[in-house]
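Student: Residue numbers (the numbering used here): 21 to 408.
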Ligand SMILES: Cc1cc2nc3c(=O)[nH]c(=O)nc-3n(C[C@H](O)[C@H](O)[C@H](O)COP(=O)(O)OP(=O)(O)OC[C@H]3O[C@@H](n4cnc5c(N)ncnc54)[C@H](O)[C@@H]3O)c2cc1C
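(1) Are residue 176 and residue 64 touching if we call contact CB-CB under 8 Å?
(2) Buried or exposed: residue 344, going by 16 or more other Cβ atoms within 10 Å of its Cβ?
(3) For residue 152 and residue 211, what's the separation of their Cα atoms in angstroms?
(4) For residue 113 versus residue 248, is the C-beta spacing smaller than 8 Å?
(5) Can you round the beta-carbon distance between residue 365 and residue 264 to whole angstroms, since I take them to be within the 8 Å contact cut?
(6) Locate the beta strand (DSSP E) running through residue 107, then write down its first and last residues.
(7) Which two residues bound the contiguous alpha helix (DSSP H) that contains residue 129?
(8) Helix, strand or coil for residue 195? Go by DSSP, reduced to three states.
(9) In whole angstroms, what separates the C-alpha of residue 389 from that of residue 213?
(10) By alpha-carbon positions, which one of 275, 90 and 402 ends up nearest to residue 353?
(11) Is it buried or exposed, residue 168, if we count other Cβ atoms within 10 angstroms and call 16 or more buried?
(12) At a threshold of 7 Å, does residue 23 count as lining ligand 1 (C-beta to nearest heavy atom)?
(13) Cβ-heavy atom distance between residue 65 and ligand 1 below 7 Å?
(14) When you compare each of 217, 30 and 35 to residue 384 by their alpha carbons, which one comes out closest?
(15) Give the range of the alpha helix (DSSP H) segment to which residue 302 is assigned.
(16) Is it right to say residue 412 is buried, meaning 16 or more other beta carbons lie within 10 angstroms of its own, or is it exposed?
(17) With DSSP run on the structure shown, which of helix, strand or coil describes residue 139?
(18) Using DSSP's beta-bridge definition, name the partner residues of residue 364.
(19) Can you check DSSP and say which residues form a bridge with residue 309?
(20) In three-state terms, what does DSSP make of residue 201?
(21) Give the list of continuous beta strand (DSSP E) stretches no shorter than 3 residues that lie fully inside the segment 237-317.
(22) Which partner residues does residue 381 have in the DSSP bridge list?
(23) Starting from residue 186, follow its DSSP beta bridges and name the residues at the other end.
(24) Report, in whole angstroms, the separation of the C-beta atoms of residue 291 and residue 260, which I expect to be a contact under 8 Å.
(25) Can residue 35 be considered in contact with ligand 1, in the sense that its beta carbon sits closer than 7 Å to one or more heavy atoms?
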């Protein structure tokens, strides 16, 4: 290979492809290096929604909202269709305790300016007539986009490939060479060496391996999630619907839930797709890097889904799959330079929000590398937060 690029982006998921796109737009020559193929990691083993109401009020929700706005621009900017749809999103509550916590959560988001409202059981039924009739109510958010994550990766790549971006698929990064000042000098791959002064680690769950190459300990762990796919039918739901237990499982909130769900963090989610198949989830557990969808988890998800959405009992499940979310303890990704290794950047650790946050992550990384004012305060996403 022995080529020279301004920047090497490692990892061809939504985060790597977004970083590569935004960097080329700033005028950099970029090599995107992926050990498998574009969108073969978590970015093709997931759902595809960008929401406000699965984020914590504050920095988390603000980053999600900035990305939603950027997605609407990207719809015009990227010529390859990534199936963006504007929909609403519902959280539904099974118990009075959940309803109380959900109402406070909705109120906190509302105070920050997001269009979130609390719904009565009757209002829930009006929005989604196939929901179970015994629910206590829910919350509704207008800010929700549906996206095909696989196509999104290709939309980013296709727009700039050959115009500043070269893609090296089936090419694994094996080492990063530093010079005597501890600064990035070259990236070694299974197909040869790339000379560069800047490398962006966008390897999601595998980011810790690329961190070790320069002596960094990046605290990301794979957190598995299973999804079921239904056969195509008439549109049974209009928007993303989740039980509030999803928030309890994602953020470890204090709230009583059926104990049998805890083992795999199972909670009901349903999402329409462009082909009228629905994606039904979900689960959350730490089980290494394996992506088997175990029958025990599939059964638990199916049972939970039928409890909230009884019409699913009459439908077939045609497929199941699992992916690993790049989990970080604080539920905030790393979007950062690294002071002790000049030229080394990290964009990883987005857990269950990587699709949603990909546009603004790519934008921020490009601004950080140019050295210009960033569109958001990057302090909460910096690697040096571990030193504090
Ligand atoms: C079940 C499930 C549902 C989800 N639903 C949503 C959702 O609705 N909305 C949302 O926003 N997020 C969702 N997510 C989360 C989202 O999918 C992830 O946050 C996102 O895909 C992470 O993208 P990434 O680019 O960081 O990682 P990946 O897509 O995993 O990309 C990393 C890439 O790095 C490559 N790589 C690793 N090591 C090397 C190496 N040495 N050399 C070269 N390449 C290497 C890998 O092959 C991989 O392709 C969900 C996740 C799961 C599991």
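Note that CB positions come from ideal geometry on N, CA and C, so glycine has one too.
Tutor: In brief:
(1) Cβ atoms of residue 176 and residue 64: not closer than 8 Å.
(2) buried
(3) 55 Å
(4) no
(5) In fact, because the Cβ distance is near 36 Å, the residues do not count as touching under 8 Å.
(6) 105-113
(7) Counting along the chain, residue 129 sits inside the alpha helix (DSSP H) bounded by residues 116-131.
(8) strand
(9) Approximately 22 Å, taken between the alpha carbons.
(10) 402
(11) It is buried - the Cβ of residue 168 has at least 16 other Cβ atoms within 10 Å.
(12) no
(13) yes
(14) With distances taken between Cα atoms, residue 384 lies closest to 35.
(15) Where residue 302 is concerned, there is no enclosing alpha helix (DSSP H), given that its DSSP letter is neither H nor E.
(16) Past the boundaries of the shown model lies residue 412; the chain is included only from 21 to 408, so the question cannot be answered.
(17) strand
(18) 219
(19) Answer is 307.
(20) Here residue 201 sits in coil by DSSP.
(21) 241-250, 260-263, 289-292 and 298-301
(22) For residue 381, which the question treats as bridged, DSSP gives no partner whatsoever.
(23) 51
(24) 5 Å
(25) Indeed, a heavy atom of ligand 1 lies less than 7 Å from the Cβ.
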